[in-house]
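Chemist: Numbering of the sequence shown is given in the UniProt record's numbering, commencing with residue 1 and proceeding in unit increments.
Following this message is one structure expressed as structure tokens.
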Amino acid sequence: MADCCDCTECKQSLYGNKYILKEEEPYCVKCYEALFSHNCEVCHKLIGCTNKDLSFKDRHWHSECFLCMECNRSLVERPFATRDDVLMCTECYSNKFSAKCIACLKTIMPGTKKMEHKANSWHESCFTCNRCQQPIGTRTFVQKEANNYCLPCYEKLFALQCVQCKKPITTGGVNYREQPWHKECFVCIGCKQQLAGQRFTSRNDFTYCLECFCNLFAKKCASCTIPISGLGGSKYISFEQRQWHTNCFNCKKCCVSLVGRGFLTCKDDVLCADCGKDF
Numbered sequence: 001m002a003d004c005c006d007c008t009e010c011k012q013s014l015y016g017n018k019y020i021l022k023e024e025e026p027y028c029v030k031c032y033e034a035l036f037s038h039n040c041e042v043c044h045k046l047i048g049c050t051n052k053d054l055s056f057k058d059r060h061w062h063s064e065c066f067l068c069m070e071c072n073r074s075l076v077e078r079p080f081a082t083r084d085d086v087l088m089c090t091e092c093y094s095n096k097f098s099a100k101c102i103a104c105l106k107t108i109m110p111g112t113k114k115m116e117h118k119a120n121s122w123h124e125s126c127f128t129c130n131r132c133q134q135p136i137g138t139r140t141f142v143q144k145e146a147n148n149y150c151l152p153c154y155e156k157l158f159a160l161q162c163v164q165c166k167k168p169i170t171t172g173g174v175n176y177r178e179q180p181w182h183k184e185c186f187v188c189i190g191c192k193q194q195l196a197g198q199r200f201t202s203r204n205d206f207t208y209c210l211e212c213f214c215n216l217f218a219k220k221c222a223s224c225t226i227p228i229s230g231l232g233g234s235k236y237i238s239f240e241q242r243q244w245h246t247n248c249f250n251c252k253k254c255c256v257s258l259v260g261r262g263f264l265t266c267k268d269d270v271l272c273a274d275c276g277k278d279f
């Protein structure tokens, strides 16, 4: 069994010599450096027992070699960053790679809060409303002509007001007769159904869906009693204060269409010439 004062690796006596304990095992300096010491990333020389070994992500440096690759200043006890395994002080890293604030044109330092929108960046304190100058932060905002506005300021400056409710229109606007409406305010005066995206008409400055308009104002077909809208170029037959849908204007007896043909009347009925001979 080896003597407790012998080097664990080379078995040479450690009496009177420097040695190092690792996991309670003694090693002479030469064996320890050969087994456990690392080579410096910069000078590639061995980092001996008498030197300070600085490590980062399984890489090692002499303290005098642990420098910024841009300005050559020591990074010992200073904040640093890496890019493609290259060490840089935070100032050099920021100047070279960090985003610049579009407002003050200064570098946005790593670790500080950055606001971004459409490939532009701001310091949090620079990301302010162009009108009230208050920080926008995470609030809703609108960008207009390269300026940012908080929603209340944008509405005061630029938003159209709905002719119905008099409130600003920020989304979902409808234009009718050169007047702005909220989509939810542009409704049928009868059934209150929204009219945006569907056919509608107006009467006396009130808007109506087709169904309400027909029920309120359209004449009824003398045959089926369904309202005749006459909208969109649809055709109908009119005779002596009575109207018919074109497909309802048929002989009462034989049901042949009377559109474009001669006909006779018998009380409330219309008849073709042949059927009319029997009366």
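Each residue gets a CB set at the ideal place from its N, CA and C atoms; glycine is no exception.
Starting from Glu25, follow its DSSP beta bridges and name the residues at the other end.
Modeler: In the DSSP output, where bridge partners are listed per residue, Glu25 has Lys22.
Chemist: Taking the DSSP output, what are the residues bridged to Gln179?
Modeler: Its beta-bridge partners are Tyr176.
Chemist: Determine the burial state of Phe217: buried for a count of at least 16 other Cβ atoms within 10 Å of its Cβ, exposed for fewer.
Modeler: Label assigned to Phe217: exposed.
Chemist: Taking C-alpha atoms, which residue in Leu210, Ala222, Thr107 and Cys224 lies nearest to Lys192?
Modeler: Looking at the Cα atoms, Leu210 is the closest of the given residues.
Chemist: Measuring CA to CA, which of Ala196, Val163 and Phe213 is closest to Ser202?
Modeler: Out of Ala196, Val163 and Phe213, Phe213 has the C-alpha closest to the C-alpha of Ser202.
Chemist: When the Cα of Thr157 is compared with those of Lys277, Ser121, Pro227 and Thr170, which residue comes out closest?
Modeler: According to the sequence as given, residue 157 is Leu; it is not Thr. Here the closest residue by C-alpha is Thr170.
Chemist: Can you check the stretch 46 to 122 for any beta strand (DSSP E) of at least 3 residues that lies completely inside it and give the ranges in chain order?
Modeler: Entirely contained in the stretch 46 to 122, the beta strand (DSSP E) runs reaching 3 residues are, in chain order, 53 to 56, 59 to 62, 80 to 83, 86 to 89 and 114 to 117.
Chemist: State yes or no: is the C-beta of Gln198 within less than 8 Å of the C-beta of Lys219?
Modeler: The answer is no: Cβ separation not under 8 Å.
Chemist: Thinking C-beta only, is His38 closer than 8 Å to His62?
Modeler: No. Outside cutoff.
Chemist: Any idea what DSSP makes of Ser125, helix, strand or coil?
Modeler: Three-state result, Ser125: helix.
Chemist: Can you check DSSP and say which residues form a bridge with Leu271?
Modeler: In the DSSP output, where bridge partners are listed per residue, Leu271 has Leu264.
Chemist: Suppose contacts are defined by Cβ-Cβ distances below 8 Å. Is Cys221 in contact with Cys248 by that definition?
Modeler: Yes, the pair counts as a contact, with Cβ atoms nearer than the cut-off.
Chemist: Could you check if Tyr15 is buried or exposed, using at least 16 other CB atoms within 10 Å of its CB as the buried criterion?
Modeler: Exposed, because fewer than 16 other Cβ atoms sit within 10 Å of the Cβ of Tyr15.
Chemist: Residue range of the alpha helix (DSSP H) that Cys162 falls in?
Modeler: That residue, Cys162, is in no alpha helix (DSSP H); it is neither H nor E in DSSP.
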